[in-house]
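K.L.:
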Amino acid sequence: MYQNPRGTRDFNPEEMQKRKIVEESIRSIFQKYGYKEVQTPIFENLELFTAKSGETIINELYSFVDKGGREIALRPELTAPVIRFYVEKLQMKPKPLKLFYFGNCFRYDRPQKGRYREFKQAGCELIGTVNPEALAELIAMAYKILENSGLTNIHLNIGNLNVLSAIFKKLNLPKDKQSYLIPLIDKSMFEDLLEALSDFGISPKDSSTFLDILQTTDLNKIQEFVKTDKDAQEEILKLKEILAFLDNSFKIKNYTIKMSIVRGLDYYKGLVFEIEAPKLGAEKQLCGGGEYELIPLFGGKETPTSGFAIGFDRTILALETEKYKFPAQQIDAFIIPVSDDMITESLRIAQELRKIDASIDIDLMRRGISKSLKYANSINAKKAIIIGPNELEKSTVTIKNMETGEQTTVKITDLKNNFKS
Ligand code: AMP
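Under numbering that gives the first Met the number 0, the residue at position 21 of the sequence shown is numbered 20, and the numbers go up by one with no gaps.
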């Protein structure tokens, strides 16, 4: 017997039904905000990802040399592919360009609940502006997508990498030391962080101020701390504008300022945000995004960009954890030919009803009525249409309402009226 590879999953029809519902709900919100869907290949040239994230990313990738000797990688995310696509073919489009996508991603991660080697992301890129209202709309859309999917317990954290940089600068921590500290900050490993700061010769007083600033939710306090850094001041003023739009126009008030968001990605800058489902535990992060700079690296003309990616599988997990009631998949009717010589007419009736968009299944096993009714029940048919010789002689059929058990005789010519939505 064969098994699926480690870190991958099969989805049964019930799971697919949930996934389709959530996908449609996400797509509808992207469209409401004027975003248009794009699709890129599942594999790309490895270089695309090493250019963006450095050679060490290879350890986290599924990469291989193809039969033509090309170094290929299964995509670990979709921002690099979408920006490659933009630089190659979409640069002349009017701005802002609002693109969204769904796609499976592949990472050589250690699998656990909510962390897979093949997983799906839904995300978007906003190309052409990082005005405060543009970024506020981006954050609001991410939030509304998760809310509209049915989640009630989500939390938004907002940070800024330029401000974080200024905080590092104030403590005289150069880039190489920052790269050591960043993963500790990312994982909120504050004890290890203190130890590392002490190893770097930072005084206990400065270390404790650093930790305090990383953990405070008071933007004014942060502003005061980096008041000599012009860039950080500008970023904080812009952040305040973004927050005002979130508060006043989008009515999103459930957020926390969190300067310890690092996103772990070199090409991010400025605003960063994350949305989490606190009940999911270790893998609670549903969405991550912010401002970034990738277009010049890929050879395009510098243009401000931002975007986010939502972990689709974790969104489903979060909905299940909240015991969200997904509607069951139903079929409008199951047709039961009572005898073999009714099959031709039954198939014809099925086709007629499918033409008006009814979902129709039909007994293909030549079973008796009672077994067929049982099966109709098991596939959640709303109605059973029983087609027998006596009825057919009068050009009628019997419709059984599977929920109430009520039976009615209906003229075949009137049948369609029973299925018009
Ligand atoms: P990232 O591209 O790392 O910012 O990821 C964006 C989102 O994708 C995260 O917030 C997660 O929800 C989801 N995600 C990332 N890695 C995985 C994984 N291995 N399995 C499932 N979801 C993931």
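Here a beta-carbon is modelled for each residue, glycine too, at the ideal position from N, C-alpha and C.
Keep in mind it's a predicted model, so treat the numbers as computed, not measured.
1) For S259, I'd like the list of residues in its chain whose CB is within less than 6 Å of its CB, leaving aside the five on either flank, ordered along the chain.
2) Classify F42 as helix, strand or coil using the three-state DSSP reduction.
3) Given L192, which residues of its chain have a CB within under 6 Å of its CB, disregarding the five upstream and five downstream residues?
4) Of the residues Y107, T407 and L150, which one's Cα is nearest the Cα of T55?
5) Measuring CB atoms only, is the segment 333-341 touching the segment 381-397, in the sense that at least three cross pairs come out at less than 8 Å?
6) Assuming I71 and F63 make a contact with CB atoms under 8 Å, what is their CB distance in whole Å?
7) Count the other CB atoms within 10 Å of the CB of F10; is the residue buried (16 or more) or exposed (fewer)?
8) As an exercise, report each continuous alpha helix (DSSP H) stretch of at least 4 residues that is fully enclosed by the segment 274-347, in chain order.
9) Quick check on K88: does DSSP put it in helix, strand or coil?
10) For E117 and D198, I'd like the C-alpha separation in whole angstroms.
11) How long is the line joining the alpha carbons of F42 and S164, rounded to whole angstroms?
12) From the DSSP output, which residues share a beta bridge with A383?
13) Rounded to a whole number of angstroms, what is the C-alpha to C-alpha distance between N44 and T302?
14) Pairs of beta-carbons, one from the segment 216-226 and one from the segment 165-181, closer than 8 Å: are there three or more?
15) Taking the C-alpha atoms as reference points, what is the distance between G205 and I235?
16) Is the distance from the Cβ of E290 to the Cβ of Y267 below 8 Å?
17) Report the residue from N58, G67, P95 and G53 whose alpha carbon sits nearest the alpha carbon of A79.
18) Can the beta-carbon of L98 be found less than 8 Å from the beta-carbon of K35?
P.N.:
Taking the structure as given:
1) For S259, where only same-chain residues beyond five positions count, the Cβ hits under 6 Å are I184 and L213.
2) When secondary structure is reduced to three states using DSSP, F42 falls in the strand class.
3) Around L192: L183.
4) Of the candidates Y107, T407 and L150, the one whose C-alpha sits nearest the C-alpha of T55 is Y107.
5) Taking a cut-off of 8 Å on C-beta distances, the segment 333-341 touches the segment 381-397, as three or more cross pairs fall below it.
6) Under the criterion of beta carbons closer than 8 Å, I71 and F63 qualify as touching, at roughly 6 Å.
7) Residue environment analysis places F10 among the exposed positions, since fewer than 16 neighbouring C-beta atoms fall within 10 angstroms of its C-beta.
8) Under the rule that a run must span 4 or more residues, the alpha helix (DSSP H) segments found entirely inside the segment 274-347 read 311-320.
9) Here K88 sits in helix by DSSP.
10) So the two alpha carbons sit approximately 39 Å from each other.
11) Taken atom to atom, the span from the alpha-carbon of F42 to that of S164 is near 34 Å.
12) According to DSSP, which records beta bridges pairwise, A383 is partnered with F333 and K399.
13) If you take the alpha carbons of N44 and T302, they lie about 23 Å apart.
14) In short, these stretches touch, since the Cβ pair count reaches three.
15) Looking at the sequence provided, one finds Asp at residue 205 rather than Gly. If you draw a straight line from the Cα of D205 to the Cα of I235, it comes to about 22 Å.
16) Closer than 8 Å, so yes.
17) Selected option, being the one with the closest Cα: G53.
18) Taking 8 Å as the Cβ cut-off, L98 and K35 qualify as a contacting pair.
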